[in-house]
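full-length UniProt numbering puts the first residue of the sequence shown at 1, with every later residue one more than the last.
No residue lacks a Cβ here, since even glycine has one placed at the ideal position from N, Cα and C.
Worksheet: one structure, shown below.
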Amino acid sequence: MTTFAIATLGCKVNTYESQGYESALLDKGYEEVSFKDKADIYIINTCAVTNTAGAKSRQKIHQAHAANPNAIIAVVGCYVQTSKDAMEAMEHVDIIVGSDGKSQLADMIEHALIHRDKQIMLHDVRQVKAFEALPIHKFEHQTRAFLKIQDGCNQFCSYCIIPYARGAERSLKEEEALRVATDLVKNGHLEIVLSGIHTGRYGRDIHTNLLHLMKRMVNEIDGLKRIRISSIEMNELSDELLMYMKEEPKIARHLHIPIQTANNTVLKNMNRPYDVEWFKQRVAYIRSLMPDISISTDVITGFPQESEEEFADTMKNIKEINFSFLHVFPFSKRDNTVAAKMSGHIENKVKKERAGKLIEISKELYDNYKERFIGKEVDVLLEKMEDGYLFGHTSEYLPVYVKGNPEDLHKMKKVVIQTFENDKLYAV
1 MTTFAIATLG
11 CKVNTYESQG
21 YESALLDKGY
31 EEVSFKDKAD
41 IYIINTCAVT
51 NTAGAKSRQK
61 IHQAHAANPN
71 AIIAVVGCYV
81 QTSKDAMEAM
91 EHVDIIVGSD
101 GKSQLADMIE
111 HALIHRDKQI
121 MLHDVRQVKA
131 FEALPIHKFE
141 HQTRAFLKIQ
151 DGCNQFCSYC
161 IIPYARGAER
171 SLKEEEALRV
181 ATDLVKNGHL
191 EIVLSGIHTG
201 RYGRDIHTNL
211 LHLMKRMVNE
221 IDGLKRIRIS
231 SIEMNELSDE
241 LLMYMKEEPK
251 IARHLHIPIQ
261 TANNTVLKNM
271 NRPYDVEWFK
281 QRVAYIRSLM
291 PDISISTDVI
301 TGFPQESEEE
311 FADTMKNIKE
321 INFSFLHVFP
331 FSKRDNTVAA
341 KMSGHIENKV
351 KKERAGKLIE
361 ISKELYDNYK
371 ERFIGKEVDV
381 LLEKMEDGYL
391 FGHTSEYLPV
401 YVKGNPEDLH
411 KMKKVVIQTF
421 ENDKLYAV
């Protein structure tokens, strides 16, 4: 039997797309194996957000060729789209697909198995207007399923390559989103994570919006226990959407809202559409509706010209906002972005030192947030067995270890959190 393996780098949208490639190849009768194993076909789903992601993409290509020099190697996604010349010059690559044409990848692989000719599909992604759907019915070995409902970005933050990698904003048709979500629930996924490059801008090109889709999912999909928003910008969180979150228990009480920096000068240089004071006001409003909600964020350290005083201001404001946890990234210079052309680039050592300080703050914030839940009853979606416990996540995306029966796996269960030990929450 023809075997294939997939390596996925980057975001939740890539995770969803890799599942689409897997589903398409399984439908053709191929067998999936680990990327570490010898396979007939290797797919590397690439990322371009940082220089490190690009290097990892190249590393995976070499790893695949070393495992099987005769394998078909397909590279797809953001790094391909933004590094066309480097990809075309790379040896051992048989199929090159950028950010459009992904739905044709399985057919291209089938062709390559017979003809072994190099295939390249790279379009001007800024001209792509239609959302490209992939065939997905199930996420293997997962209780939680991702659903990509949006692609592309029109924001052009000064540091970000994604508008060049993913193109303009476009949305999955609402009826198609409902159909896929219904299939996922029928196949055992109790939680659906709505994902996109700009999830909160879903529907603006097709005369609907995220709130309308969520309401229809809650009202029309039997068996759906929880809807989670993967990431959303603060200026995309309307009062109406927040009120619905408060009133509807099926909407997860977790919002990942990227702030990127918490200093107004740096925010302006980043071309972010808000200031720190407004962001704080919105956080306060969200917590007035849902006091225990988890609000996490992304932060970039060492943006060009960021002074020690500006970074200190960011640390102070991060603590005041009291996020539940942070994802911290040292600034990565991406070619063709505005930030790449700025003066005053920060040394890597300084960027990493600043990141380390924020990571320490994040641990303190996260520990404090977790401790607030001791003694509280929560709903946990039990996902797997780990260290003799049932393991799952609460609505707030808190990881919890539960004493219980393995028969409860892949179910939603009410538990009471008892202790917080060694960075872990335990419940019964």
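Item	Value
Tell me which residue opens and which closes the alpha helix (DSSP H) that Q19 is part of.	12 to 27
Scan the region 97 to 166 and note each continuous alpha helix (DSSP H) run of 4 residues or more that stays entirely inside, going in chain order.	105 to 115, 162 to 166
Counting beta carbon pairs with one atom in the region 329 to 347 and one in the region 42 to 50, are three or more of them shorter than 8 Å?	yes
Please determine, among A66, D94, A55, L122, the residue with the shortest C-alpha to C-alpha distance to D37.	A66
Can you give the beta carbon distance from L184 to A106, rounded, assuming they're within the 8 Å contact cut?	That pair is no contact at about 20 Å.
Is G375 helix, strand or coil when you go by DSSP?	coil
Quick one, which of T419, E421, V400, Y369 has its alpha-carbon nearest M412's?	V400
Taking the straight line between their C-alpha atoms, what separation do you get for L237 and D40?	45 Å
Is A181 near I192, with beta carbons less than 8 Å apart?	yes
Indicate the three-state DSSP secondary structure (helix, strand or coil) for V93 in the structure shown.	coil
Under 6 Å Cβ to Cβ from M1, same chain only, skipping five residues before and after it: list those, please.	E31
How many whole angstroms separate the CB atoms of F323 and I295, which I take to be in contact at a CB cut-off of 8 Å?	6 Å
In the DSSP assignment, what residue or residues form a beta bridge with A5?	Y42
Using a Cβ-Cβ cutoff of less than 7 Å, which residues in the same chain neighbour C157 once the five nearest sequence positions on both sides are dropped?	M270, N271, R272
Determine whether the beta carbon atoms of G167 and S99 lie at a separation below 8 Å.	yes
Once you ignore the five residues that flank L267 on each side, which residues in its own chain have a CB closer than 8 Å to its CB?	Q260, T261, Y274, D275, V276
For the alpha helix (DSSP H) that contains Y79, what are its first and last residues?	78 to 82
Apart from the five residues just before and just after K373, which ones in its own chain have a Cβ nearer than 6 Å to its Cβ?	First, the residue type needs correcting, since residue 373 is Phe and not Lys in the sequence shown. Excluding positions up to five away in sequence, the list reads I417.
Where does G196 fall in DSSP's three states?	strand
Just curious, the beta strand (DSSP E) that H393 is in, first and last residue?	389 to 394
Return helix, strand or coil for T182, following the three-state DSSP convention.	helix
To the nearest angstrom, report how far apart Y366 and F325 are at their CA atoms.	5 Å
Report yes or no: do the region 304 to 317 and the region 243 to 263 share at least 3 C-beta pairs separated by less than 8 Å?	yes
Is it buried or exposed, Q81, if we count other Cβ atoms within 10 angstroms and call 16 or more buried?	buried
Taking the beta carbon of G375 as the centre, do at least 16 other beta carbons fall within 10 Å, making it buried, or is it exposed?	exposed
Is the separation between the beta-carbon of Y389 and that of V380 shorter than 8 Å?	no
Checking the sheet assignment: what are the DSSP bridge partners for F329?	I300
Report yes if the CB atom of V218 is closer than 8 Å to the CB atom of E248, and no otherwise.	yes
Straight-line CA distance for E281 to M234?	Strictly speaking, residue 281 in this sequence is Gln, with Glu absent from that position. Going by the C-alpha atoms only, they are around 11 Å apart.
Quick one: what's got a C-beta closer than 6 Å to I149's C-beta in the same chain, skipping five residues either side?	L172, A177, L194, G196, Y202
Quick check on the DSSP output: the beta strand (DSSP E) that includes V416 runs from which residue to which?	412 to 421
In whole angstroms, give me the CA-to-CA distance for M245 and E17.	27 Å
Contact defined as beta carbons within less than 8 Å: I believe I293 pairs with I286. What is the distance between those atoms, to the nearest angstrom?	6 Å
What are the residues that DSSP puts in a beta bridge with M385?	L390
Do residue 429 and N45 have their C-beta atoms closer together than 8 Å?	Here the chain comprises residues numbered 1 to 428, so residue 429 is not present and cannot be evaluated.
So if DSSP puts E191 in a beta bridge, which residue, or which two residues, is it bridged to?	R144, R226
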